[in-house]
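Student:
Protein chains in written order, with this note's numbering: chain A, 2 to 308; chain B, 2 to 308.
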């Protein structure tokens, strides 16, 4: 096999109270990378589509290039590959676009090499890429590679677990036409958190993990309430608070910012309510002056895979 | 039925990274309360044993009296009861002594009245008692009444869930002869917590809940690591850090302060290692100049019950 095309899904990281800890893979959108053996050693970005011309083509600045290079390094391979990257989601929207490209490239190169690296090592390669563009965290790249809902205990060493997703759980993601640089979103994070808030957020996070295991949708709804990061970042996104409120009022279990934003996600107990929830969320963004698009997805999806 | 004797277990609250959120019921020690119908309305403390004469006999200052009175109030009962309280564990040791007396009294009165209150309402009565002596939290009283390992999402309204306990999991609790007033332990709590520490503790707590559900003992051990409260309180307890370290070195999955201390608990994957772990912990306290006692208990135990 000399060529392979891999799809890797977008991801919702910072899932509710699980900042830097919990992320889940979407059904769509996602990025696609075609990996092709080349004559030269190392990785070369041959083409990028769908990025509006803004992503760097230098291998060491592009997450697909960095992750693929790291796969070669860890596999001690002298082979060479060209990558055609097709972005399937808006950049900087809080859907893990950089992680998806990294995951697709790393999985593709590893597969052509005969899978010398295990899935966790592939995730670790993507962490190196993510570190260059948005910090050393794994709650986008781990679900982008592995699929499902992933809990990141530590990044160094990489220690991740897949948490079960209740049957029927769906995700609505609404992306406004609004740019929120990850840097600005990171700067909005508080340096310290009051002890009472820490306790309440910890309780919510514990209950969220428990509810995912038991399938208790009502508890999941009560638990999906981030007291730390969402209040700090929502002022940066016009209409954010009303979008979150609109999602709950329309029947979502809960709603919060996806990744660093500006996308907002909502969890629904079944597919039935997702259309109403998406419409209510888009309407709330519209009232704040922002056009938006929405996608609906099951909450339990596979990770990066050849297509 | 005019008289009933109820045993309620001691509890390990603030379980690892779960400050104010997670608590579990011990097999022993525990408190015993005999509840007896009397001619007068309301609750009267008839006797207290095992407290060294320090606990108040006034109904409204004694947790057994407060919790029992609250049961009468919520049940709209005009009946009257006398309580004989027998303390089965040292006061102020971090084993939920005040909660155990409250639980035993409340369960006893409710049972004689024909169980007008459900289990959650009985817990709520005990929260009122706990609030008077050590703050409005439920991670001692909920497991003392309900048994098992309990997750407290909120106290008002009371929202608790029982988390499964892996088969074989055991608890070692070592209590040094050292008084640590709850007030002093509360004062040692930080007002605010650095964001990086919040993330790490949240990851640990998530992984702990996940490991309890999956029975992954190794993950449970990696997760049972409190970065917020234990570091703040351990300087108040001579030898605390070395006791925690000794427990791990002797084969415990992890170790942390029980409740507000000074007791230290350790979780073990089976009964087999508990003796070695208890001895190592006691030796570490001894090296710090403190005599101590230890108890070994399964980690999954029933709550308050008639005996």
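Ideal placement from N, C-alpha and C gives every residue a C-beta, glycine not left out.
Given the structure is predicted, the values throughout are model-derived calculations rather than measurements.
Quick one: Cα of residue 68 of chain A to Cα of residue 133 of chain A, how far?
Tutor: When rounded, the distance between both Cα atoms is 10 Å.
Student: In chain A, which residues lie less than 7 Å from residue 196 of chain B when you measure between Cβ atoms?
Tutor: What residue 196 of chain B touches in chain A: 190, 191, 192, 193, 194.
Student: Quick check on the DSSP output: the beta strand (DSSP E) that includes residue 8 of chain B runs from which residue to which?
Tutor: Run containing residue 8 of chain B: 4-13, per the beta strand (DSSP E) assignment.
Student: Pull up the CB-CB distance for residue 143 of chain B and residue 161 of chain B, whole angstroms please, since I reckon it's below 8 Å.
Tutor: That pair is a contact at about 5 Å.
Student: Anything in chain B within Cβ reach of residue 168 of chain A, meaning under 8 Å, just list it in chain order.
Tutor: Here the premise fails: no neighbours, minimum Cβ distance about 16 Å.
Student: Can you give me the C-alpha to C-alpha distance between residue 208 of chain A and residue 154 of chain B, rounded to a whole angstrom?
Tutor: Their Cα atoms are separated by approximately 6 Å.
Student: Throw me the rounded Cβ distance for the residue 300 of chain A and residue 172 of chain A pair, which I believe falls under 8 Å.
Tutor: So it is a contact: roughly 5 Å between Cβ atoms.
Student: So, with DSSP's three-state summary, where would you put residue 242 of chain B?
Tutor: Residue 242 of chain B falls in the helix class under three-state DSSP.
Student: Could you tell me the boundaries of the beta strand (DSSP E) in which residue 197 of chain A lies?
Tutor: No beta strand (DSSP E) holds residue 197 of chain A; the alpha helix (DSSP H) holding it covers 196-215.
Student: Name the chain B residues whose beta carbon is nearer than 7 Å to that of residue 142 of chain A?
Tutor: Result: empty, since nearest Cβ-Cβ is about 16 Å, beyond 7 Å.
Student: Answer with yes or no whether the minimum CB distance from residue 18 of chain A to chain B is below 9 Å.
Tutor: By this cut-off, residue 18 of chain A is an interface position.
Student: Return the bridge partner residues of residue 171 of chain B from the DSSP annotation.
Tutor: Residue 171 of chain B is bridged to B:269, B:299.
Student: Report the neighbours of residue 210 of chain B on chain A: residues whose CB is nearer than 7 Å to its CB, in chain order.
Tutor: What residue 210 of chain B touches in chain A: 207, 210, 211.
Student: Chain B beta carbons: is any one of them nearer than 9 Å to that of residue 128 of chain A?
Tutor: No, residue 128 of chain A does not count as interfacial toward chain B.
Student: Grab me the residues of residue 94 of chain B's own chain with a C-beta within less than 6 Å of its C-beta, minus the 5 sequence neighbours each way, in chain order.
Tutor: Closer than 6 Å at Cβ, skipping near neighbours: 176, 264.
Student: Alpha carbon to alpha carbon, how far is residue 100 of chain A from residue 242 of chain A? Give it in angstroms, no decimals.
Tutor: The straight-line gap from Cα to Cα measures roughly 27 Å.
Student: Of the residues that make up the region 145-166 of chain A, which ones have a beta carbon closer than 8 Å to any beta carbon in chain B?
Tutor: Within the region 145-166 of chain A, the residues whose Cβ lies closer than 8 Å to some Cβ of chain B are 152, 153, 154, 155, 160, 162, 164, listed in chain order.
Student: Can you tell me where the alpha helix (DSSP H) with residue 29 of chain A in it begins and where it stops?
Tutor: Run containing residue 29 of chain A: none in the alpha helix (DSSP H); it sits in the beta strand (DSSP E), 23-38.
Student: Between the region 226-243 of chain A and the region 16-30 of chain A, do at least 3 Cβ pairs fall closer than 8 Å?
Tutor: Counting Cβ pairs under 8 Å, three or more are found: they touch.
Student: Along the region 18-46 of chain A, what residues have a CB closer than 9 Å to any CB found in chain B?
Tutor: Of all residues in the region 18-46 of chain A, 18, 19, 20, 21, 22, 23 have a Cβ within less than 9 Å of some Cβ in chain B.
Student: Return the bridge partner residues of residue 160 of chain A from the DSSP annotation.
Tutor: Looking at the DSSP assignment, residue 160 of chain A forms a beta bridge with A:155.
Student: DSSP beta-bridge partners for residue 83 of chain B?
Tutor: The partner list for residue 83 of chain B (beta bridge, DSSP) reads B:37, B:45.
Student: So which residues on chain A does residue 124 of chain B lean against when the C-beta distance must stay under 9 Å?
Tutor: Neighbours of residue 124 of chain B on chain A: none; closest Cβ ~16 Å, over 9 Å.
Student: So does residue 253 of chain A have its beta carbon nearer than 8 Å to some heavy atom of the ligand ZN?
Tutor: Inclusion of the ligand ZN in the displayed structure is not the case, the ligand content being empty and no account of it being possible.
Student: Going along the region 47-74 of chain A in order, which residues come within less than 8 Å of chain B, judged by CB to CB distance?
Tutor: From the region 47-74 of chain A, no residue has a Cβ closer than 8 Å to chain B.
Student: Is it true that the region 272-286 of chain B meets the region 210-217 of chain B, where meeting means three or more beta-carbon pairs spaced less than 8 Å apart?
Tutor: The region 272-286 of chain B vs the region 210-217 of chain B: no contact.
Student: Taking residue 254 of chain B as the reference, which of B:169, B:234, B:145, B:181 has the closest Cα?
Tutor: If we check each option's Cα against that of residue 254 of chain B, B:169 comes out closest.
Student: Just to confirm my understanding: we take residue 44 of chain B, look at its own chain, exclude 5 residues before and 5 after, and list those with CB closer than 6 Å. What are they?
Tutor: Around residue 44 of chain B: 60, 66, 69, 70, 82.
Student: Mind the definition here: the region 287-307 of chain A touches the region 232-242 of chain A only if three or more C-beta pairs lie below 8 Å; say whether that holds.
Tutor: Counting Cβ pairs under 8 Å, three or more are found: they touch.
Student: For the region 111-122 of chain B against the region 260-277 of chain B, do three or more pairs of beta-carbon atoms, one drawn from each stretch, fall closer than 8 Å, so that the two count as touching?
Tutor: Too few Cβ pairs lie closer than 8 Å, so no.
Student: The beta strand (DSSP E) that contains residue 255 of chain A, what's its start and end?
Tutor: First-last of the beta strand (DSSP E) with residue 255 of chain A: 255-258.
Student: Taking only beta-carbon positions, decide if residue 234 of chain B is within less than 9 Å of chain A.
Tutor: Not closer than 9 Å to any Cβ of chain A, the Cβ of residue 234 of chain B fails to qualify, so no.
Student: To the nearest angstrom, report how far apart residue 145 of chain B and residue 295 of chain B are at their CA atoms.
Tutor: Answer to the nearest angstrom: the Cα atoms are 19 Å apart.
Student: Let me see if you follow: with CB-CB separation under 9 Å, is residue 200 of chain B close to chain A or not?
Tutor: With 9 Å as the cut-off, residue 200 of chain B counts as an interface residue toward chain A.
Student: If contact means a Cβ-Cβ distance below 8 Å, which residues of the region 227-252 of chain B contact chain A?
Tutor: Flagged, chain order: 229.
Student: Grouping DSSP H, G and I as helix and E and B as strand, with all else coil, what is residue 144 of chain A?
Tutor: Correct three-state label for residue 144 of chain A: helix.
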